[in-house]
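The structure appears below as structure tokens.
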Amino acid sequence: MASFTLITDLPDTGKRLDAYLSEYSEGYSRTYAAKLIDAGLVTVDGAPVKRSYRLSGEEEITVDAPDPEPLSVPAENIPLDIVYEDDDVLVVNKPRGMVVHPAAGHPAGTLVNAILYHCGDRLSGINGVLRPGIVHRIDRDTTGLLMIAKNDEAHRSLAAQLKAHSVTRRYAAVVQGVFAEDEGVIDKPIGRDKANRLRMAADVPGGKPAVTHYAVRERFARHTLIGCRLETGRTHQIRVHMASIGHPLLGDTLYGAAPVKWGTEGQCLHAGVIGFIHPRTGEYLEFTADMPEDMQRVIRKLRNEA
């Protein structure tokens, strides 16, 4: 059991306790903070409270974080495309079709199974037994770069950078339709689609802020290759934002696009650049990964059509 203490201040007045913990305890999601509170592992001025407790300022909050549970996910000898590795951080280039962590319907064959085999017990435990080392995710059929934390200190640092929107994340995407403008910004909150729980939607009540910058890289006869830079990292963000302005990603049938006819499964989306401050050295590191061959093949076909 590891304990730490936080002292609130007057600007924190009125904040919910679970929201405060997720804001000031790097690496804690609001859901995880709520679980700790419900389990009686968080006290305010020495007394247990509910997750909905509203701060008044100048309180002492003590968190007794449980030790990580023993891993229950099997390690699997799955090849990894490792772009960078040291004692704190691993950067991998995830292939299309690989789920990031085990979930219903995907108990094995995930990136977590692969990194457990590669790293053993040298992974952070902040995100629990099913997501060791996982700081952020990309969709199953999205390819590209992911940061993996090899210890809790690295995890907290990387998670704090994601929360501060200071991590560089650039994507390449092929969308339906031809953009008239060369660049733009989509600033629309994203939340769960009320009509289809598998989808997210833009401009829904209670949605979380989401900002995507995009710029045209190449125009084809009926499609456009764009580059996207994320300020936020909401679920399906680029897919939802592009569909919301009438340019769904090629192959993204969940959001209204036609399937790709040249043998590529899923959306044409690649996380090609990631940059962050190294948790130990303080040095800014940036990495790139080429688009996968199937996406390059699609682009060649589109050029021939044009």
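Residue 125 is where the sequence shown starts when you use the working numbering, and the numbers rise one by one after that.
Every residue, glycine too, gets a C-beta built ideally from N, C-alpha and C.
Keep in mind it's a predicted model, so treat the numbers as computed, not measured.
- A residue is called buried when at least 16 other Cβ atoms come within 10 angstroms of its Cβ; V309 does not meet this threshold and is exposed.
- Between L393 and I362 the beta-carbon gap is near 6 Å, inside 8 Å, which marks them as a contact.
- Only buried fits A326, as 16 or more other CB atoms lie within 10 angstroms of its CB.
- If you check the CB distance, N201 and Y241 come in under 8 Å.
- Rounded to the nearest whole angstrom, the C-alpha separation of T267 and K332 is 24 Å.
- In the three-state reduction of the DSSP assignment, Y152 falls in the coil class.
- A distance below 8 Å separates the beta carbons of P256 and V236.
- For A296, the secondary structure class from DSSP, reduced to helix, strand or coil, is strand.
- Within its own chain, the residues whose Cβ lies closer than 8 Å to the Cβ of I239, once the five positions on either side in sequence are excluded, are L204, L214, V216, L247, P256, G257 and I272, listed in chain order.
- 8 Å or more divides the Cβ of G370 from the Cβ of P383.
- Contact check for K312 and S368: beta-carbon distance about 6 Å, within the 8 Å limit, so the pair qualifies.
- By the Cβ-count criterion, F400 is buried, with 16 or more other Cβ atoms from all chains shown falling within 10 Å of its own Cβ.
- By the CB criterion at 8 Å, H337 and Q300 fall outside the cutoff.
- Where A284 is concerned, the enclosing alpha helix (DSSP H) starts and stops at D276 to K287.
- The C-alpha of L270 is placed about 22 Å away from the C-alpha of S146.
- Between the beta-carbon of H289 and that of V259 there is about 14 Å, and that puts the pair past the 8 Å contact cut.
- Comparing alpha-carbon positions, the option among R154, F128 and R353 lying closest to K139 turns out to be R154.
- In terms of Cβ geometry, T356 and A334 form a close pair [threshold 8 Å].
- With a contact defined as Cβ atoms closer than 8 Å, L165 and V197 miss out at about 24 Å.
- In the DSSP assignment, S127 is bridged to D188.
- Of all alpha-carbon atoms in N275, D245 and E342, the one lying nearest the alpha-carbon of E307 is that of E342.
- Cβ neighbours of L373 within its own chain (closer than 8 Å, five residues either side excluded): A297, V298, V299, Q300, I362, R363, M366, A367, Y379, A381, Q391, C392 and L393.
- Buried is the label assigned to R358, since at least 16 other Cβ atoms lie within 10 Å of its Cβ.
- If you draw a straight line from the Cα of Y152 to the Cα of A171, it comes to about 21 Å.
- Residue state for D311 is assigned as strand, using DSSP reduced to three classes.
- Taken through DSSP and simplified to helix, strand or coil, P383 comes out as coil.
- For N217, the enclosing beta strand (DSSP E) has its first and last residue at V213 to K218.
- Approximately 11 Å separates the beta-carbon atoms of R261 and M222; this is outside 8 Å, ruling out the contact.
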